[in-house]
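Chemist:
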Amino acid sequence: LSGCSLSQPLLTQPPSLSASPGASARLTCTLRSDISVGGYGTYWYQQKPGSPPRYLLYYYSDSSKHQGSGVPSRFSGSKDASANAGILHISGLQPEDEADYYCMSNDGSDSHTVFQTMGK
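For the record, in the sequence shown the residue sitting at position 18 is 18 according to full-length UniProt numbering, with numbers rising by one throughout.
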């Protein structure tokens, strides 16, 4: 975890988000200000109580992204350069979407192994 700082997390996520069934949700994974989201990809995971994390998707760009096996298309990724954040979009929210969502970022290299940190 090269470059990690315990005093200043590399990633931050809001503690919670509430939305109604059928609505859309936008979850953010904000990078530290000295790191540009333009050069980083974001992995998203979903975890429900008593279950291991489930890989949802990876997003670096429209031409470099991956959807997890069996993950519906209503889960999608993007970037918000103005907020320096990776974004998870969930459309048509369903009761079963209630869960913890985690993000991880890497430097966009082909190996996809240089994870920086994890946020909840």
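C-beta: ideal position from N, C-alpha, C; glycine also. If you're wondering where the values come from, they're calculated on a predicted model, not measured in any experiment.
For a quick check, are the C-beta atoms of L56 and K65 less than 8 Å apart?
Modeler: Contact: no.
Chemist: Does the separation of the CB atoms of S105 and H89 fall below 8 Å?
Modeler: Going by C-beta atoms, S105 is not nearer than 8 Å to H89.
Chemist: For G92, which residues of its own chain have a beta-carbon under 7 Å away from its beta-carbon, when the five flanking residues on both sides are left out?
Modeler: Cβ within range, chain order: G22 and R74.
Chemist: Quick one: residues in its chain with C-beta nearer than 7 Å to the C-beta of R26, no 5 flanking neighbours on either side, listed in chain order?
Modeler: If we look at R26 and ignore the five residues flanking it on each side, its Cβ neighbours are I87 and H89.
Chemist: Rounded to a whole number of angstroms, what is the C-alpha to C-alpha distance between Y59 and L17?
Modeler: So the alpha carbons of these two residues sit roughly 21 Å apart.
Chemist: Roughly how many angstroms separate the alpha carbons of K48 and P15, rounded to a whole number?
Modeler: Cα to Cα, K48 sits roughly 16 Å from P15.
Chemist: Among the residues of its own chain, which have a CB less than 8 Å from the CB of A99, if the five just before and after it don't count?
Modeler: So the list reads Q46, Q47 and K48, once near-sequence residues are dropped.
Chemist: Am I right that D107 and Y40 are in contact with their C-beta atoms under 8 Å? What's the rounded C-beta distance?
Modeler: Sure, about 6 Å apart at Cβ, within 8 Å.
Chemist: Look at the Cβ atom of L10, then the Cβ atom of C103, and state whether they are nearer than 8 Å.
Modeler: Not a contact, by the Cβ cut-off of 8 Å.
Chemist: At the level of alpha carbons, what is the spacing between K79 and G50?
Modeler: If you take the alpha carbons of K79 and G50, they lie about 30 Å apart.
Chemist: Based on Cα-Cα distance, which residue from T28, S24, E96 and A19 lies nearest to A81?
Modeler: When only C-alpha atoms are compared, the closest one is T28.
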